[in-house]
Structures are given as structure tokens and as C-alpha cells.
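Novice:
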Amino acid sequence: MQSKPVALRPLALSLLLLGAPAFAGDVQVAVAANFAGPMQKIAAEFAHDTGHKALVSIGATGAFYAQIRNGAPFQVFLSADDETPAKLENEGRTVKGSRFTYAIGKLVLWSAKPGYVDANGEVLKQGHFAHLAIANPKTAPYGTAAVETLKKLGLYAGLESRLVQGENIAQTQQFVASGNAELGFVALSQVWKDGHVTSGSAWPVPATLYAPIRQDAVLLANGRDDAAARALLDYLKSDKARAIIRSYGYAF
13 MQSKPVALRP LALSLLLLGA PAFAGDVQVA VAANFAGPMQ KIAAEFAHDT GHKALVSIGA
73 TGAFYAQIRN GAPFQVFLSA DDETPAKLEN EGRTVKGSRF TYAIGKLVLW SAKPGYVDAN
133 GEVLKQGHFA HLAIANPKTA PYGTAAVETL KKLGLYAGLE SRLVQGENIA QTQQFVASGN
193 AELGFVALSQ VWKDGHVTSG SAWPVPATLY APIRQDAVLL ANGRDDAAAR ALLDYLKSDK
253 ARAIIRSYGY AF
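For any residue, its number in this note's numbering is found by taking its place in the sequence shown, counting from 1, and adding 12.
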């Protein structure tokens, strides 16, 4: 007697799909402007590896803080400092225990002109420039670090009238890249890749001249029950994500 074939296709198909998430989702992410480059690459790898999609908004940390307090629908926040996520945590706007440092940023004095910035930053003391770009120190931690650096070097008072401020570190870099400012303090990640400056000339500012820029990530209250949001935070701790972060000059 010939037995009837057993229908195994649905089971086999389900086994093949076990490696993929049952429900891929979107996660709304607020990302500090200095981290735009690495985040683009991480988001692409995150989508490839998990099926989830990171919908990224780029801006200044202080501006994001105000937006989150006013009900912006972000689920994950990648800040340019550790103070702002801690403040949101104290206000009950985050998921307790989710905050961690995903990168330690570095400040660099950069010019789009090759050879313009010397290896020791002496160009600042020589003063042969009309404009020095910095990010707004009231909303951007890299702007705060720039002001700290100038004050420690004893140059702030003499150069204050030449400072031009970007709303965030991305706009600050654009001022320098366009030539509207001969040089400026930007994030190393904006002009650094795989161990060298990608264009122009730069002086990596010694870490002794400014407070450590510890950049914290946190799960916001809107993402408490969102699998994609939690998956993204986990992914930021992965070896693949950390390799990308490190390639842009960040430390941990």
C-alpha cells in the first residue's frame, strides 16, 4: 500500500525563517550630528542583519532634548554627551537601566586647506584668519569642548570676536568646508576615517584641554515596548558596530 506524502513545506519554510525576526519594525532615532557618518553605516548593517529599519534624525543634542521634552516621537536617543540622557532619565523620560556610553568623542581643529593647520595647533596663536567656526556651546557638547580648549590655551578672549557658530557640529563643519571659515573645531569623526584625515589639514586636540566627551545612548519612554528599539541598542554594542565606530576615530 502506497503511503500518502506528508506536507512538510510549511514547517520547512518556518524553520528557514527562524533566523529572521518574526516582525521587523522601524525605530525612530535621534542622533547627535557628530555621529551622522558612522550611524549611516550602522543603520545599513542593522537593517541587513536584523530586518529592522532605523529612521534617523540628525541634529544638536540640546535641540533634541527640547524636542523630546515636548513629545517628539523618538524611541532611541544617541546623544553627544552623557549629561543630557542622564537629565532625561531623572525626568522619567527614559527606560531605567538602558543608558550606556556608546562612544567617546574627540575634538579636532580642522581646515579644508591642506597644510593650513599645523601638527601642534600653532595656527591659533598666529591668528592669520578671519573666522574660526565652533558649534553653539549652549546646545552642542563639541562647541562646549571648543570653548574649553580656547580658554585653557589662553586664547578665548583674543579670538572671541572671530568665532562663528553653527547650530550643530554638522553646520560647523560646513562653514569650514565651504571656506566661510578658514578653520574650525569639529568632531574628529567628521574628517577622519581608518587612521587618517580624509581631506584638508587637522590638529587632533589633546584630551587634556577639554572634558571627556562621553556620548550616551538611551532607550526613551516611547520605545519601552518596541522590539526594534531594543534591538538597535543591543546592536550598538556588537563587534560589528564597534568596529565601524572605531574606524571614525572614536574611543570607548
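For glycine and all other residues, C-beta sits at the position ideal for the given N, C-alpha and C.
Report yes or no: do three or more beta-carbon pairs, one from the segment 129-137 and one from the segment 196-206, lie closer than 8 Å?
Specialist: Cβ pair count under 8 Å is below three, so no.
Novice: Within its chain, find whatever has a CB closer than 7 Å to the CB of residue 52; leave out the 5 residues flanking it on each side and keep chain order.
Specialist: Cβ within range, chain order: n/a, list empty.
Novice: Does any C-beta atom of chain C lie closer than 9 Å to the C-beta of residue 192?
Specialist: Considering every chain present, this structure includes no chain C. It has just one protein chain.
Novice: If you draw a straight line from the alpha carbon of residue 200 to that of residue 85, how long is it in whole angstroms?
Specialist: Going by the C-alpha atoms only, they are around 30 Å apart.
Novice: By the 10 Å Cβ neighbour count, where 16 or more other Cβ atoms means buried, how is residue 255 classified, buried or exposed?
Specialist: Classification for residue 255: exposed.
Novice: Opposite residue 140 in the DSSP bridges: which residues?
Specialist: Looking at the DSSP assignment, residue 140 forms no beta bridge with any residue, so it has no partner.
Novice: Tell me whether residue 151 sits in a helix, a strand or coil according to DSSP, three-state version.
Specialist: It is coil, neither helix nor strand.
Novice: Can you name, in chain order, every residue of its own chain whose Cβ lies under 7 Å from the Cβ of residue 250, other than the five neighbours on each side?
Specialist: None.
Novice: Mind listing, in chain order, the continuous beta strand (DSSP E) runs of no fewer than 3 residues lying wholly within the segment 37-63?
Specialist: Counting whole runs of 3 or more residues, the segment 37-63 contains the beta strand (DSSP E) stretches 38-44.
Novice: Excluding the five sequence neighbours on either side, which residues of its own chain have a C-beta within less than 6 Å of the C-beta of residue 164, listed in chain order?
Specialist: For residue 164, where only same-chain residues beyond five positions count, the Cβ hits under 6 Å are 221.
Novice: Classify residue 121 as buried or exposed, calling it buried when 16 or more other Cβ atoms lie within 10 Å of its own Cβ.
Specialist: With 16 or more other Cβ atoms within 10 Å, it is buried.
Novice: Excluding five sequence neighbours on each side, which residues of the same chain lie with their C-beta closer than 8 Å to the C-beta of residue 61?
Specialist: So the list reads 247, 252, once near-sequence residues are dropped.
Novice: Across the segment 37-45 and the segment 70-89, are there enough close Cβ pairs to call them in contact, namely three or more that are closer than 8 Å?
Specialist: Output reads yes: the segment 70-89 touches the segment 37-45.
Novice: Secondary structure at residue 177, three-state DSSP: helix, strand or coil?
Specialist: Of the three classes helix, strand and coil, the one that applies to residue 177 here is strand, per DSSP.
Novice: From the DSSP secondary-structure annotation, give me the bridge partner or partners of residue 223.
Specialist: None; residue 223 has no bridge partner.
Novice: Express the C-alpha separation of residue 87 and residue 110 in angstroms, rounding to a whole number.
Specialist: When rounded, the distance between both Cα atoms is 12 Å.
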